[in-house]
Amino acid sequence: MPRGGGVGRARGRPNSSLLPSGRARRAGTRRLAGPGWAGPSRAGAEPSAPPPRSARLRGDPRSSALVMRDYDEATAFLGEWGRFQRLVFFLLSASIIPNGFNGMSVVFLAGTPEHRCVVPRGANLSDEWRNASIPLERRGGQEVPSRCRRYRLAALANFSALGLRPGSDVELETLEQEPCLDGWEYSRDVYHSTIIAEWNLVCEDDWKAPLTASLFFVGVLIGSFISGQLSDRFGRKNILFITMAVQTGFSFLQIFSASWEMFTVLFLIVGMGQISNYVVAFILGTEILGKTVRILFSTLGVCIFFAIGYMLLPLFAYFIRDWRMLLLALTVPGLFCIPLWWIIPESPRWLISQGRYKEAEAIIQKAAKMNGIPAPAVLFDTAEMQDSKPQQQQKAILLDLFRTRNIATITIMSLLLWFFTSVGYFGLSLSTPDWHGDAYLNCFLSAVIEVPAYVIAWLLLRSFPRRYSLSGTLFLGGSVVLFIQLVPAELNVLSVGLVMLGKFGITAAFSMLYVYDVELYPTLVRNMAVGATSTASRLGSIIAPYFVYLGAYDRFLPYILMGSLTVLIGILTLFLPESFGNPLPESFEQMLKVKCFRNEQQPTVTRSSKESPKSRVTPL
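For the sequence shown, counting from 1, position 369 maps to 431 in my numbering; every step adds exactly one.
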């Protein structure tokens, strides 16, 4: 799966004209912490009652402290980690768990069991010739029966009728071969039933297996485009639960797929619901939670709960080896999200943006009651909120990401960074059945290693420069994956350990990309830049299954390609600007320079942009 980052917005200083003056201000300091409501005063005194709406509109001095131009200031009295925030944090994070096992379920749904050509019982072959009917081929350093070819049965029947023996009387290497005209027989050692075995997606049709995963990620790409627009139009909560229903409902319909075509179309729709659910839950959490908890939620909460869902997948698959029953088991947890409709609130920020102030106030007052904190009767003055609406901002277009040499270079390098990091992450995640050892244990370890990767990424973002953190983790991930080809075949544990270490480095880098992207671009194009680069990530995930597919031709080829590309992009990252500790750029003139452009003259920017106070990135 795509990961999020959080960037704090510096609060503006309260307007002195909005604060009470004289004795009224002094009397209110015990009850009002800054512009927010702080609860009861000292010595057990009763909190002063908020002024009536009529008094507030007439200019009562007490009213101005309650008129909030900034949502964070208006809700500061709630605190950061009360019962309400803890409930929202864990419930929204828990709603991500189904995304973890749905996003990687193709590993077991489309697992390819060992197979060979069927030799019909009526082929008139002796047992000796039947056993010799499948030619040998070299695969993984060993001679194994061919998966897609057999000796021509008509010739073998003649040899058998003449009493000739294979190997001694007839040289098998000289015999004519033919494809599997009568189908395949599949081993049930690892998988009892998969879509590969059910619809014979092998040999000439083996291209359909990676296409199945790619079409799921095409759905992810489509969903990432529409989810933000739908949640802006119809509300975060509504779209969150609709996309949960899409993911769960269409996963259930996949159980009844009568063909590969039907399965993949439904899988594409599941991908749309999966990413939309993830994105909207991420947006809803960052809008409801306070600044400090918001960063923790966006960098650790959703990511770790995604990994928990990922860890559950091999546990389900180990005990349920039939793909239809596995899909049913993976669908059931989505039903447990239904009661959350009555618990998870709508985003008050979105309600305010729609002019629905009363509903927003009701949610905040309910949160205050849950936290055991008194709240003012009226939080938002409709007239004041209307007056404080920001002026219409200048629109940006996609070409603005390439308007100067500096920003064009940053954009191209960022697109490559997202693309190849995504290829490495999903390529390693989808290749777990090809590792040495048990496929279920390998998948579980691949999920477990993500938890320390997210924690390390969070710690790196708190204290270390972005370029070196990203480059170091990418170089670590890519270099160890490259070393896999040098490991002797008998050291299987070492090769799996190297893949795990590579997955650790690439996952850590992947989880830091959102934060770095946000810090590089100016306000006017920041959202567009994040959208463009995350689209490059989706394209990387679409082609990642074909990197895994190359393993059918050479076992080490996928690791050579993924490792070398990851190392290359890790080196390229060192040429990007360093954003750690710098203010967020508000205009193109304030953008940091690519290393090789730092001594060049600042380009002239024709488009005017309104200066706003510098806001420094809050350390994670």
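Positions of the beta carbon are idealized from the N, C-alpha and C atoms, including for glycine. Here the structure is a predicted model, which is why all the values come from computation and not from measurement.
**OP:** Whole angstroms is fine: what's the gap from C399's alpha carbon to S286's?
**Re:** Taking the sequence shown and counting its residues from 1, the one referred to as residue 399 is at position 337. Taking the sequence shown and counting its residues from 1, the one referred to as residue 286 is at position 224. Approximately 21 Å between the Cα atoms of the pair.
Original post:
What does DSSP give as the partner residues of Q687 in its beta bridges?
Top reply: Shown here, the chain extends from 63 to 682; a query on residue 687 therefore has no answer.
Original post:
Are the Cβ atoms of P524 and S641 separated by less than 8 Å?
Top reply: For this step, residue 524 is matched to residue 462 along the sequence shown. For this step, residue 641 is matched to residue 579 along the sequence shown. The identity of residue 524 in the sequence shown is Arg, whereas the question assumes Pro. No. Outside cutoff.
Original post:
Hey, out of R298, S321 and V206, whose CA is closest to N339's CA?
Top reply: If you number the sequence shown from 1, residue 339 lands on position 277. Of R298, S321 and V206, the residue nearest in Cα terms is R298.
Original post:
Taking C-beta to C-beta, are T310 and G371 nearer than 8 Å?
Top reply: In the sequence shown, residue 310 corresponds to position 248, counting from 1. In the sequence shown, residue 371 corresponds to position 309, counting from 1. Taking 8 Å as the Cβ cut-off, T310 and G371 do not qualify as a contacting pair.
Subject >> CA nearest to the CA of T494, picked from G486, F488, C505 and L544 >> reply: Taking the first residue of the sequence shown as 1, we reach residue 494 at position 432. T494 has its Cα closest to that of C505, out of G486, F488, C505 and L544.
Original post:
Can you name the residues that DSSP bridges to W246?
Top reply: Taking the first residue of the sequence shown as 1, we reach residue 246 at position 184. W246 pairs with C179.
**OP:** For R200, count neighbouring Cβ atoms within 10 angstroms of its own Cβ and tell me buried if that reaches 16, exposed if not.
**Re:** Taking the first residue of the sequence shown as position 1, residue 200 is located at position 138. Exposed, because fewer than 16 other Cβ atoms sit within 10 Å of the Cβ of R200.
**OP:** Measure the beta-carbon distance from L362 to W520 and round it to whole angstroms, keeping in mind my assumption that it falls under 8 Å.
**Re:** Here residue 362 refers to the residue found at position 300 when the sequence shown is read from its first residue. Here residue 520 refers to the residue found at position 458 when the sequence shown is read from its first residue. Indeed they touch by this definition, with Cβ atoms about 6 Å apart.
Original post:
Roughly how many angstroms lie between the CA atoms of A509 and L560, to the nearest whole one?
Top reply: Residue numbering aside, residue 509 sits at position 447 when the sequence shown is read from its first letter. Residue numbering aside, residue 560 sits at position 498 when the sequence shown is read from its first letter. A509 and L560: Cα-Cα distance of roughly 15 Å.
Original post:
Of all the options Y419, R386, Q336 and L413, which has the alpha carbon lying nearest to the alpha carbon of V280?
Top reply: As a working note, residue 280 is residue 218 in the sequence shown. Comparing Cα positions, the closest option is Q336.
**OP:** Give me the Cβ distance between I366 and V513, rounded to the nearest whole Å; I'm assuming they're in contact under 8 Å.
**Re:** Counted from its first residue, the sequence shown places residue 366 at position 304. Counted from its first residue, the sequence shown places residue 513 at position 451. Confirmed, Cβ separation roughly 6 Å.
Original post:
Would you call the CB atoms of V656 and F537 closer than 8 Å?
Top reply: For the purposes of this step, residue 656 is taken as residue 594 along the sequence shown, with counting starting at 1. For the purposes of this step, residue 537 is taken as residue 475 along the sequence shown, with counting starting at 1. Not in contact: V656 and F537 (Cβ atoms no closer than 8 Å).
**OP:** Determine the DSSP secondary structure at Q547, reduced to helix, strand or coil.
**Re:** Against the sequence shown, residue 547 aligns to sequence position 485. It is helical.
**OP:** Output the distance between the C-alpha atoms of Q204 and S321, rounded to the nearest integer angstrom.
**Re:** For this step, residue 204 is matched to residue 142 along the sequence shown. For this step, residue 321 is matched to residue 259 along the sequence shown. When rounded, the distance between both Cα atoms is 35 Å.
Original post:
Leaving out the 5 sequence neighbours to the left and right, which residues in its chain are closer than 6 Å to A570 when beta-carbon positions are compared?
Top reply: Mapped onto the sequence shown, residue 570 falls at position 508. The answer, listed in chain order, is A515, I518, A519 and T535.
**OP:** Please report how far the alpha carbon of P407 lies from the alpha carbon of I425, in whole angstroms.
**Re:** Residue numbering aside, residue 407 sits at position 345 when the sequence shown is read from its first letter. Residue numbering aside, residue 425 sits at position 363 when the sequence shown is read from its first letter. The alpha-carbon atoms of P407 and I425 are separated by roughly 7 Å.
Original post:
Roughly how many angstroms lie between the CA atoms of R148 and G333, to the nearest whole one?
Top reply: Within the sequence shown, residue 148 is the residue found at index 86, counting from 1. Within the sequence shown, residue 333 is the residue found at index 271, counting from 1. Each residue's alpha carbon lies about 29 Å from the other.
**OP:** For E581, name the three-state secondary structure that DSSP assigns.
**Re:** Along the sequence shown, read from residue 1 onward, the residue named residue 581 stands at position 519. E581 falls in the helix class under three-state DSSP.
Original post:
Tell me which same chain residues have a C-beta within less than 8 Å of the C-beta of A369, skipping the five on either side of it?
Top reply: The sequence position of residue 369 within the sequence shown is 307, counting from 1. Cβ neighbours of A369 beyond the five flanking positions: G162, A509, V510, E512, V513 and Y516.
Original post:
In the structure shown, what three-state DSSP assignment does D251 receive?
Top reply: The count along the sequence shown starts at 1 and reaches residue 251 at position 189. Note: D251 maps to coil in three-state DSSP.
Original post:
On the three-state DSSP scale, how would you describe L375?
Top reply: Locating residue 375 in the sequence shown gives position 313, counting from the first residue. Helix.
Subject >> Unbroken beta strand (DSSP E) run spanning E199, endpoints >> reply: Here the question's residue 199 lines up with position 137 in the sequence shown. Segment L198 to R201, the beta strand (DSSP E) holding E199.
Subject >> the region 348–356 / the region 480–491 touching (three or more Cβ pairs under 8 Å) >> reply: no
Original post:
Considering only C-alpha positions, which residue in the set A501, L619 and A591 is nearest to T174?
Top reply: For the purposes of this step, residue 174 is identified with residue 112 of the sequence shown, where counting begins at 1. Here the closest residue by C-alpha is A501.
**OP:** Measure the Cβ-Cβ separation of E238 and R214 and say whether it is below 8 Å.
**Re:** Counted from its first residue, the sequence shown places residue 238 at position 176. Counted from its first residue, the sequence shown places residue 214 at position 152. A contact, by the Cβ cut-off of 8 Å.
**OP:** Alpha carbon to alpha carbon, how far is L441 from L119? Give it in angstroms, no decimals.
**Re:** By one-based count along the sequence shown, residue 119 stands at place 57. By one-based count along the sequence shown, residue 441 stands at place 379. Note that L119 scores a pLDDT of 34, beneath 50, so its modelled location is shaky; the value from the coordinates is reported in the next line. Going by the C-alpha atoms only, they are around 14 Å apart.
Original post:
CB L388 to CB L198, shorter than 8 Å?
Top reply: Locating residue 388 in the sequence shown gives position 326, where the first residue counts as 1. Locating residue 198 in the sequence shown gives position 136, where the first residue counts as 1. No.
**OP:** Throw me the rounded Cβ distance for the W385 and T256 pair, which I believe falls under 8 Å.
**Re:** Numbered from 1 along the sequence shown, position 323 holds the residue referred to as residue 385. Numbered from 1 along the sequence shown, position 194 holds the residue referred to as residue 256. That pair is a contact at about 5 Å.
Subject >> Rounded distance between the beta-carbons of S222 and L187, thought under 8 Å >> reply: Reading the sequence shown from its first residue, position 125 is the one you call residue 187. Reading the sequence shown from its first residue, position 160 is the one you call residue 222. Confirmed, Cβ separation roughly 5 Å.
**OP:** Give the secondary structure of Q416 by DSSP, where H, G and I count as helix, E and B as strand, and everything else as coil.
**Re:** One-based indexing of the sequence shown puts residue 416 at position 354. Q416: coil per DSSP, three-state reduction.
**OP:** Going by CA-CA distance only, name the one from Y608, D616, G539 and S230 that's closest to I633.
**Re:** Residue numbering aside, residue 633 sits at position 571 when the sequence shown is read from its first letter. Checking every option, the nearest Cα to that of I633 belongs to G539.
Original post:
Just the Cα atoms here: how many angstroms apart are S249 and R209?
Top reply: The residue labelled residue 249 in the question sits at position 187 within the sequence shown. The residue labelled residue 209 in the question sits at position 147 within the sequence shown. Looking at the two C-alpha atoms, the distance is approximately 11 Å.
Original post:
Below 8 Å, can you find three or more Cβ-Cβ pairs linking the region 372–381 to the region 304–319?
Top reply: no
**OP:** Could you name the residues that DSSP lists as bridge partners for E205?
**Re:** In the sequence shown, residue 205 corresponds to position 143, counting from 1. Answer by DSSP bridge pairing, in chain order: R200.
Original post:
Do the CB positions of L627 and F482 come within less than 8 Å of each other?
Top reply: Counting from one through the sequence shown, the residue named residue 627 turns up at place 565. Counting from one through the sequence shown, the residue named residue 482 turns up at place 420. It is a contact, given that the beta carbons lie within the stated cut-off.
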